[in-house]
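Protein chains in written order, with full-length UniProt numbering: chain R, 1 to 264; chain F, 1 to 264.
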């Protein structure tokens, strides 16, 4: 599959900025992609800030889009375009970008680090993004929150009582393990994109469930996790980004603050 | 991160069978890993069929396990051990195995195929495994089905009406696109692990929602998807595997058949 004319065309087309295709006005899953690009100081465009950016998103996910010669159509954003390559799925985009941006070990015969970082990122996204989203949409993504509010209350209560501590405890354990290396990071003693994903997800659940997170942070049981959060937040490029207007406010996306879903 | 003594030890330790660490008595998410190994005729061991296999699973996911020098602890099975490498997360294990077993393009500078296959596999797992699971556990994984039966009915109805056709229609569109190449497969004109994942998930939803799937198949709108399903099922090694006692029956796992959740 490798040595086709198109693969050659592709290689020479990579010396161009990354293009992030994502909904305007929510940080959403696109935010993970942005944090990698920002931390690395990479050149990129972002439909969230482009005139008619939403049209680009809608054209990609149109039910008539069959993709192109090289790329299957994407089901949903975030979508990354880089030269001839167009890919979707948050953890997949991060996997592509991570080694290129110095935020994960290179993919090589003699280094399996990327699979460890990918596992950590997938686990963060499962527990602190997908499951957090489902607390306000437990029945169906296609229904309004108001139409599943009672189910949401039950779901959020279980999430805060059981799932949040389970995931926070897991990452605390990862940080205590030897494979995490020295310093505040999850893997190998260096910042990887798994750390950026964990930062963003903690930031999101802090917004959604401020009371619960305050209690969990205050318990001291997840010291390493919150130290990692602070360490990412203080990185110069991330700090500059978070203060810029490129960083969008949480609203009606994955992380929503409904006081009735938080603990008292 | 690459050139450490441990990375070298790792390389020489790879000439050993794969070890799948997964719950006994359900196909579950471990089944995706098995199908790759079976299709490739790879040597592997499986805790599902080992005496005390469950102890191996429980030791890995124990709340005191901190992993080892190289590997963070896994949160949940499936877990793959290969020499010194130990990784978790279904799509991550498939990503590791796919290129090694000839079921995905090799990861190389001049070939981005692996990211397209990974995106497809992630999308299948999202829509036809994770969401299918949530139809019988919409409120909390930690509660019994009986304690969320009414919510499950509502969730399954929405899933069958909206999500199943959305995902089947998406994969039909992928199959119509040029990037799928010739033949019945999703990407590049060759069998990849994304096809095996789609096969297993269709098989699972057929078990869970037989009436709905019969109607959807009969509609003719997803002809390519069901042809792919049949094409995988007829591959000699898969056929032999499915008839063997290594293939476990569906029961109380991701795919469950509750007649009240299916359509009439």
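Beta carbons are placed, not taken as given, at the ideal position from N, Cα and C, and that holds for glycine.
For residue i, three-class secondary structure by DSSP
{"i": "residue 146/R", "result": "helix"}
{"i": "residue 59/R", "result": "helix"}
{"i": "residue 9/F", "result": "Interpretation of residue 9/F is limited by its pLDDT of 44, a score under 50 that renders its predicted location unreliable; the figure taken from the coordinates is listed afterwards. Correct three-state label for residue 9/F: helix."}
{"i": "residue 122/R", "result": "helix"}
{"i": "residue 219/R", "result": "coil"}
{"i": "residue 100/F", "result": "helix"}
{"i": "residue 254/R", "result": "coil"}
{"i": "residue 1/R", "result": "Because residue 1/R carries a pLDDT of 40, less than 50, the predicted location of this residue cannot be relied on, and no value is offered for it."}
{"i": "residue 131/R", "result": "helix"}
{"i": "residue 64/F", "result": "coil"}
{"i": "residue 203/F", "result": "helix"}
{"i": "residue 139/F", "result": "coil"}
{"i": "residue 71/F", "result": "coil"}
{"i": "residue 238/F", "result": "helix"}
{"i": "residue 259/F", "result": "helix"}
{"i": "residue 14/R", "result": "coil"}
{"i": "residue 184/R", "result": "coil"}
{"i": "residue 230/F", "result": "helix"}
{"i": "residue 190/R", "result": "coil"}
{"i": "residue 51/F", "result": "coil"}
{"i": "residue 116/R", "result": "helix"}
{"i": "residue 245/R", "result": "coil"}
{"i": "residue 27/R", "result": "coil"}
{"i": "residue 268/R", "result": "In the structure displayed, chain R extends from 1 to 264; residue 268/R sits before or after that span and is not available."}
{"i": "residue 169/R", "result": "helix"}
{"i": "residue 151/R", "result": "helix"}
{"i": "residue 264/R", "result": "coil"}
Cβ-Cβ distance between residue i and residue j below 8 Å
{"i": "residue 156/F", "j": "residue 80/F", "result": "no"}
{"i": "residue 89/R", "j": "residue 122/F", "result": "yes"}
{"i": "residue 211/R", "j": "residue 158/R", "result": "no"}
{"i": "residue 138/F", "j": "residue 138/R", "result": "yes"}
{"i": "residue 152/R", "j": "residue 145/R", "result": "yes"}
{"i": "residue 91/R", "j": "residue 125/R", "result": "yes"}
{"i": "residue 16/F", "j": "residue 83/F", "result": "yes"}
{"i": "residue 254/R", "j": "residue 133/R", "result": "yes"}
{"i": "residue 36/R", "j": "residue 97/R", "result": "yes"}
{"i": "residue 75/R", "j": "residue 54/R", "result": "no"}
Anticipated Cβ contact below 8 Å, residue i with residue j, distance rounded
{"i": "residue 174/F", "j": "residue 120/F", "result": "7 Å"}
{"i": "residue 191/F", "j": "residue 101/F", "result": "That belief does not hold up - the Cβ atoms of residue 191/F and residue 101/F are roughly 11 Å apart, past 8 Å."}
{"i": "residue 228/F", "j": "residue 203/F", "result": "That pair is no contact at about 12 Å."}
{"i": "residue 222/R", "j": "residue 94/R", "result": "Between residue 94/R and residue 222/R the Cβ distance is about 23 Å, and since that is not below 8 Å, they are no contact."}
{"i": "residue 18/F", "j": "residue 42/F", "result": "6 Å"}
{"i": "residue 162/R", "j": "residue 142/F", "result": "5 Å"}
{"i": "residue 29/R", "j": "residue 46/R", "result": "Contact flag wrong, Cβ pair sits at about 13 Å."}
{"i": "residue 224/R", "j": "residue 176/R", "result": "7 Å"}
{"i": "residue 198/F", "j": "residue 171/F", "result": "6 Å"}
{"i": "residue 241/F", "j": "residue 38/F", "result": "4 Å"}
{"i": "residue 44/R", "j": "residue 20/R", "result": "6 Å"}
{"i": "residue 87/F", "j": "residue 115/R", "result": "5 Å"}
{"i": "residue 257/F", "j": "residue 179/F", "result": "The Cβ separation is near 35 Å, so there is no contact."}
{"i": "residue 59/R", "j": "residue 24/R", "result": "Going by Cβ atoms, the distance from residue 59/R to residue 24/R rounds to 14 Å, so no, they are not a contact pair."}
{"i": "residue 232/R", "j": "residue 187/R", "result": "Contact doesn't hold; Cβ gap of about 14 Å is too wide."}
{"i": "residue 290/F", "j": "residue 181/F", "result": "A query on residue 290/F cannot be resolved here, the shown segment of chain F reaching from 1 to 264 and no further."}
Opposing strand residues paired with residue i [DSSP bridges]
{"i": "residue 45/R", "result": "19/R"}
{"i": "residue 88/R", "result": "79/R"}
{"i": "residue 111/R", "result": "108/R"}
Tell me whether the region 248-255 of chain F and the region 212-223 of chain F touch, counting them as touching only if at least three CB pairs, one residue from each stretch, are closer than 8 Å.
Judged by Cβ distances under 8 Å, the region 248-255 of chain F makes no contact with the region 212-223 of chain F, as fewer than three pairs qualify.
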